[in-house]
Amino acid sequence: METKSRIDILALLLFLLIAVIGLASVYSATSNQGVFSLFEGRSGKQLMWLSASIFFGVIIFLLNANFFEVFSMYFYILFMLLLVLVLVIGVDINGARSWIKIGSFSLQPSEFAKYGTSFAVAAIISRIGFSFQNKNDIIKLATITLIPMGLIVIQGDMGSALVFLSFIPVFYIEGLTPAIILLGIFMIAVFVLTLVFSSLYFSISASILWFVFYAFTYTNKKLLIPGLSIMGLAIIFSMSVQFLFDNVLKDHQQKRIQVTLNLIEDDMGAGYNVNQSKIAIGSGGLVGKGFLNGSHTKGNFIPEQETDFIFCTIGEEGGWILSSITIALYIAFILRLFYLSSRAKKKYKRIFISSLASIIFFHILVNVGMTIGIMPVIGIPLPLVSYGGSSILAFGLFIFTALKMDATRDQDLESVFS
Amino acid sequence: MRIYRLYYVYATVILVGLLYIFRLFQVQVIDDKYALIAEKISLRKQTVYPQRGLIFDRNDKLLVYNDPVYDLMISVPIKLKGIDTLSFCQLLEIDKKKFDQHLFKAKQRSYRGKSVFKKNISNVTYARILERLYQFKGFFFEIRQDRNYKFNSSAHLLGYLGEVNKQDLETQKEGYYEQGDFIGKKGVEQYYENQLRGVKGERYFYVDRSGVNKGSYKDGKLDNEPIDGQNISLSIDIDLQQYGEKLLNRKMGSVVAIEPKTGEILSLISSPFYNPANFNIQNRGKFYSRAIQDPTKPIFNRAVSAPYPPGSTFKPLMALVGLEDGAIKATSHFNCAGQYRLGKRIIKCHFHPSNTSLKQSIASSCNTYYCNIFKNMMQASKYNSSENAYASWRSYLTSFGLGSKLGIDIPGEYKGWLRESAYYDKMHGKGRWNYARIISLSFGQGELGLTPIQIANAASIIANQGYYYTPHVIKKIEGMKSIPQKYLVKNFTKVSQSNFAPVIRGMQEVTISGTASHVAIDNINIAGKTGTVQNPHGKNHSAYMAFAPIEDPKIAIAVVVEESGYGASWAAPIAHLMIEKYLMPDTMKESSRPFLEKQMMDSDLIPYKYKSKIDKSLYGN
Chain A
12 METKSRIDIL ALLLFLLIAV IGLASVYSAT SNQGVFSLFE GRSGKQLMWL SASIFFGVII
72 FLLNANFFEV FSMYFYILFM LLLVLVLVIG VDINGARSWI KIGSFSLQPS EFAKYGTSFA
132 VAAIISRIGF SFQNKNDIIK LATITLIPMG LIVIQGDMGS ALVFLSFIPV FYIEGLTPAI
192 ILLGIFMIAV FVLTLVFSSL YFSISASILW FVFYAFTYTN KKLLIPGLSI MGLAIIFSMS
252 VQFLFDNVLK DHQQKRIQVT LNLIEDDMGA GYNVNQSKIA IGSGGLVGKG FLNGSHTKGN
312 FIPEQETDFI FCTIGEEGGW ILSSITIALY IAFILRLFYL SSRAKKKYKR IFISSLASII
372 FFHILVNVGM TIGIMPVIGI PLPLVSYGGS SILAFGLFIF TALKMDATRD QDLESVFS
Chain B
22 MRIYRLYYVY ATVILVGLLY IFRLFQVQVI DDKYALIAEK ISLRKQTVYP QRGLIFDRND
82 KLLVYNDPVY DLMISVPIKL KGIDTLSFCQ LLEIDKKKFD QHLFKAKQRS YRGKSVFKKN
142 ISNVTYARIL ERLYQFKGFF FEIRQDRNYK FNSSAHLLGY LGEVNKQDLE TQKEGYYEQG
202 DFIGKKGVEQ YYENQLRGVK GERYFYVDRS GVNKGSYKDG KLDNEPIDGQ NISLSIDIDL
262 QQYGEKLLNR KMGSVVAIEP KTGEILSLIS SPFYNPANFN IQNRGKFYSR AIQDPTKPIF
322 NRAVSAPYPP GSTFKPLMAL VGLEDGAIKA TSHFNCAGQY RLGKRIIKCH FHPSNTSLKQ
382 SIASSCNTYY CNIFKNMMQA SKYNSSENAY ASWRSYLTSF GLGSKLGIDI PGEYKGWLRE
442 SAYYDKMHGK GRWNYARIIS LSFGQGELGL TPIQIANAAS IIANQGYYYT PHVIKKIEGM
502 KSIPQKYLVK NFTKVSQSNF APVIRGMQEV TISGTASHVA IDNINIAGKT GTVQNPHGKN
562 HSAYMAFAPI EDPKIAIAVV VEESGYGASW AAPIAHLMIE KYLMPDTMKE SSRPFLEKQM
622 MDSDLIPYKY KSKIDKSLYG N
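Protein sequence lines, in the order shown, are assigned to chains A and B.
No gaps in the numbering here: position 406 of the first sequence is 417 in this note's numbering, and each next residue is one more.
No gaps in the numbering here: position 352 of the second sequence is 373 in this note's numbering, and each next residue is one more.
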């Protein structure tokens, strides 16, 4: 049975709208650096990369519908090899060895690794007989996601490694016990408390708390063992957080987290970016200062303002109206992608598309949160908007692959095991 | 179940979206704190540059001091409303076109709210603009320290300042330098950069849109005062240095003088030289391109970077190696019939009394004697191959600091040439070469290259009878107890002390009856050795090494004058005049050899082929 490939028009439209906002923002953010037209400098390159994405998108649509599913693991291996390669022949920029230089192009394999890993995750979960109750399956899944994370941490790019946490919501939808999310929240709480009060005070208060708890419930023997082990684990976790924080994180990473938690004030050092970024966004007001008129962004007060801090330009020049519209467009795009995933007949496609949606969501959560000072400074791009060839191309390929999968859903048989 | 979980995810996504939109509403619309900060004032950091350390000579005479230069800066974003461009251009002495060019570049280079509009503005223009600066909102000055010099001397040694380049910025470890900062390039300015530079200070203040200062930020709590750089004293004697420069004027070559007891460099000259003031920040633009086009290479520091075959100045070293290795005894004599025969090849010698002793061989520079030493050593039965014998010969010489960098405190040092036996294996085939192939090494020719500082260090070793301190120009660093440890260590050679006496006697004979006797200095016992270095590209190089007084050596010296002729004609007299100048008592004002001095100073030995292309302005003013 042959049916037509129909691309989802709404998703495509949202994609294009977001890309146009990005293009305009990059142009504005770099317009004081000797760039006088959209087609020059970094905005010109951004346009080139967007066009390249669409070009590859057309090619993806010409491929056989099952192409990606068949070659899933090969894609994964290919992108993992690139991650290894970057460690060998990569060049160091800003303290991270994340780029491979080919002539005048710099390729950032960590941007493509999310795409590659999604294939493998989708392939493994959609295998017949896979279950989140099976220990071997869980180990397999964990390995598949921890390999790229580990390699990217070795590169020195903490931010891009954290993006792989985006797979947790996907696992949750597919049946992972919600206990893992509660555990996550519990761990974040211990993490924050440890950094605010230090692990020593945390351990003492946790012990006192437990004694109080025990004093009231000592008649109930059943609560003794679980209570003790929860307390023990919390204290061990707290100590290891303290150890990792003091010994593994670099000085600037420690400071960024402390600044976000309001533990230290450092407007000239670690807090400089966030402080300047808040000033830029905050000064935008309701309607903004107008296109190309952002005095704060034009003053080059914000480092990385065309890459990780691009949202400042949107906030300053477009005000609350454009910021809200941008966020709304992203939210609509993410929701639409989750919806596309839910209407897929094949489990494989469902997981792949929801991985994309979840990854974009994580990027928005962290990137926008960082510019308005409610997340620590973690250098990950705003998808389709931040300047950067690898990021644009990787998201472009990712999105068109997902849209291709959705467009050919009518050819698929309803999965028996879904 | 899956569908319900998906709904939770939908809910979370929408919740985060709404949360962010509310938060933005709070930051952007309700709270006007940020708007106020950005609208009226922005924070600016001004760098306050420290005074760079001064440089003195060994007698505490000031050599290098600081001289302010002014950079005209502009606040970014650039607002030119209400500025009288025309009168501004008049004050700056530029036209409108130039103004637009500066403006365009300033836009491109802006960094954290400011940008350089015009660099290196003179004192006079600075004063003129400063008076009316209030009329030109957004423009302001930054002051940096350029260098200036008390003496038109020692350019190669001192080096110069330059702006940090891309490579400096990328390779720096502590993140100290920012674009536009000055950094020492070449010479002691580069080597002692970390001591000389000091620590930059910072001032934070608010500026309004037009760049006008609106008061300090947090009452100056974050401001840091700059810490001035450390002054340093060099071991150079500036009088001796200038005297040497006069002697070497209009010649290509080099003089290096070392105090043997300490390894302190007394004088280090490379000629042709240039006026160091012509290479400071304000002037270098005018002179640099001319200097690199000059075929006599005035920027090149010959004293530490140019390898020359040592020629006959190598013979004392060869004699020391021969004595130590047992190839000759102090009493050995060899017949010389004016030539040394090696099969069909003839190595010429010159006329001198035959059945030559060691002393005579040094005094009259007999090639035959050294061919014999080399042959004896290379064919000694204790070495079972030429390779082994050569390796042993080489290891004696490396203990004299040849074939590798000495580790002096002037950048650009070259290791010279002293080949490993593998080199000859490659050239002739393994096991297929013997002493006959490389006999010219025995009298300092062939695949041998020594920098003038290596030759001077060799003279210093002979003066010390077996050891040396690594040569250095640092004498004192302000605030530090001693100079770097590596300059306080005695390096011993493989030749034992007892073998030096016969060689020194030979070198003394050079200035009594030998090749340098015509330029002897009364009352000073000098041990010396002339060298005439064959040069395939032109006239021979004239070379000389010496130390004095023999009883208690205070100065060891090497002189090379390129393309000039015999060692006895130029290098030896220059070295002797330098020695006299350094050792003569304060009561004596004039040289005891005034005619010789005048002849040296007045001779122009620049080869004819270069003469028309030389840029004389480099040296002037």
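Don't be surprised by glycine CBs; every beta carbon is placed ideally from N, CA and C.
- Task: Look at the alpha carbon of S129 (chain A) and the alpha carbon of G380 (chain A), and state the distance between them as a whole number of angstroms.
- Result: So the two alpha carbons sit approximately 25 Å from each other.
- Task: Decide if the segment 306-321 of chain B is in contact with the segment 280-297 of chain B; the criterion is three or more beta carbon pairs, one per stretch, under 8 Å apart.
- Result: The answer is yes - the segment 280-297 of chain B touches the segment 306-321 of chain B, with three or more Cβ pairs under 8 Å.
- Item | Of the listed residues B:I600, B:L379, B:S416, nearest to N356 (chain B) (C-alpha basis) | N356 (chain B) has its Cα closest to that of B:L379, out of B:I600, B:L379, B:S416.
- When the Cα atoms are used, what is the spatial distance from L98 (chain A) to Q166 (chain A)? If you take the alpha carbons of L98 (chain A) and Q166 (chain A), they lie about 7 Å apart.
- Taking V34 (chain B) as the query, report the chain A residues whose CB atoms sit under 8 Å from its CB, ordered along the chain. The contacting residues are I342, I345, L346, F349, F372.
- Measuring CA to CA, which of B:N144, B:P615, B:I394, B:K610 is closest to I459 (chain B)? The residue among B:N144, B:P615, B:I394, B:K610 with its C-alpha nearest the C-alpha of I459 (chain B) is B:I394.
- Query: Is the segment 59-71 of chain A touching the segment 332-340 of chain A, taking contact as three or more C-beta pairs under 8 Å?
  - Reply: Contact between the segment 59-71 of chain A and the segment 332-340 of chain A is absent, because fewer than three Cβ pairs lie under 8 Å.
- Query: What are the complete alpha helix (DSSP H) segments, minimum 4 residues, inside the segment 394-436 of chain B?
  - Reply: Counting whole runs of 4 or more residues, the segment 394-436 of chain B contains the alpha helix (DSSP H) stretches 407-419.
- Quick one: what's got a C-beta closer than 6 Å to Q251 (chain B)'s C-beta in the same chain, skipping five residues either side? Within the same chain, G74, Q216, I498, E499, G500 come within 6 Å of Q251 (chain B) by CB-CB distance, once the 5 residues on both sides are set aside.
- At 7 Å on the CB atoms, spell out the chain A contacts of F46 (chain B), in chain order. Chain A residues near F46 (chain B): W331.
- Query: Using a beta-carbon distance below 9 Å, is V379 (chain A) in contact with chain E?
  - Reply: Annotation note: the requested chain E is absent from the structure, which comprises protein chains A and B.
- Task: Count the other C-beta atoms from every protein chain shown that fall within 10 angstroms of the C-beta of S275 (chain B), then say buried if there are 16 or more, exposed otherwise.
- Result: The residue is buried, with at least 16 neighbouring Cβ atoms inside 10 Å.
- Can you tell me which of the three DSSP states Q652 (chain B) falls into? Residue 652 (chain B) lies beyond the residue range present for chain B, which begins at 22 and ends at 642; the question has no answer from this structure.
- Report the three-state DSSP secondary structure of T377 (chain B) (helix, strand or coil). In this structure, T377 (chain B) counts as strand in the three-state DSSP scheme.
- Message: Can you pull the chain B neighbours of L27 (chain A), defined as C-beta to C-beta under 7 Å?
- Response: Near L27 (chain A) there are no residues of chain B at all, since even the closest Cβ is about 20 Å away, more than 7 Å.
- Item | beta strand (DSSP E) runs wholly inside the segment 553-590 of chain B, at least 3 long, in chain order | With a minimum length of 3 residues, the continuous beta strand (DSSP E) runs that stay inside the segment 553-590 of chain B are 562-569, 576-582.
- In three-state terms, what does DSSP make of A351 (chain B)? DSSP places A351 (chain B) in coil when its eight states are reduced to three.
- Message: Less than 9 Å between the beta carbons of T334 (chain B) and G588 (chain B), yes or no?
- Response: Result yes, Cβ atoms of T334 (chain B) and G588 (chain B) sit closer than 9 Å.
- Interface residues of chain B facing A339 (chain A) [CB-CB closer than 8 Å]: Under the 8 Å cutoff, chain B gives G38, I42.
- F428 (chain A) to F320 (chain A), Cα distance in whole Å? At F428 (chain A) the pLDDT is 49, less than 50, meaning the model places this residue with poor confidence; the figure from the coordinates comes in the next sentence. Distance between the alpha carbons of F428 (chain A) and F320 (chain A) is about 44 Å.
- Message: At a CB distance below 7 Å, what residues from the segment 184-203 of chain B approach chain A? Give them in sequence order.
- Response: Against chain A - using a Cβ distance shorter than 7 Å - the segment 184-203 of chain B contributes no residues.
- How would you call E191 (chain B), buried or exposed, if buried means at least 16 neighbouring beta carbons within 10 angstroms? In this structure E191 (chain B) is exposed. Its beta-carbon is surrounded by fewer than 16 other beta-carbon atoms within 10 angstroms.
- Query: At a Cβ threshold of 9 Å, is R26 (chain B) touching chain A?
  - Reply: So, interface residue.
- Given A343 (chain A), which residues of its chain have a CB within under 8 Å of its CB, disregarding the five upstream and five downstream residues? In the same chain as A343 (chain A), and ignoring 5 residues on each side of it, the C-beta atoms closer than 8 Å to its own belong to L25, in chain order.
- Query: Just reading off the beta strand (DSSP E) that K119 (chain B) is part of, what are its end residues?
  - Reply: Here K119 (chain B) belongs to no beta strand (DSSP E); instead the alpha helix (DSSP H) covers 117-130.
- Check whether the Cβ of L272 (chain A) lies closer than 9 Å to any Cβ atom in chain B. No, L272 (chain A) does not count as interfacial toward chain B.
- Message: Tell me the rounded alpha-carbon separation between R305 (chain B) and N299 (chain B).
- Response: For R305 (chain B) and N299 (chain B), the distance between alpha carbons rounds to 6 Å.
- Check the Cβ-Cβ distances between I149 (chain A) and every residue of chain B, and say whether any is below 9 Å. Taking Cβ atoms only, chain B never reaches closer than 9 Å to I149 (chain A), which makes this a no.
- Item | Contact the segment 319-327 of chain B vs the segment 517-527 of chain B: 3+ CB pairs below 8 Å | The segment 319-327 of chain B vs the segment 517-527 of chain B: no contact.
- Item | Closer than 9 Å at the beta carbon, the chain A residues around A56 (chain B) | I290, G293, S294, G295, G296, listed in chain order.
- Can you say whether R362 (chain B) is buried or exposed, counting buried as having 16 or more other CB atoms within 10 angstroms of its CB? Exposed is the call here.
- Going by beta carbon distance, what residues of the same chain come within less than 7 Å of Q400 (chain B), once the five residues before and after it are set aside? Cβ within range, chain order: Y456.
- Task: Please state whether DSSP places Y264 (chain B) in a helix, a strand or coil.
- Result: Y264 (chain B): helix per DSSP, three-state reduction.
- Query: Using a C-beta to C-beta distance shorter than 9 Å, which residues of chain B count as neighbours of Y183 (chain A)?
  - Reply: Result: R26, Y29, V30.
- Message: To the nearest angstrom, how far is the alpha carbon of H371 (chain B) from that of G332 (chain B)?
- Response: Spanning the two alpha carbons is a distance of roughly 15 Å.
- Could you confirm whether any beta carbon from chain A is found closer than 9 Å to the beta carbon of D52 (chain B)? Taking Cβ atoms only, chain A reaches closer than 9 Å to D52 (chain B), which makes this a yes.
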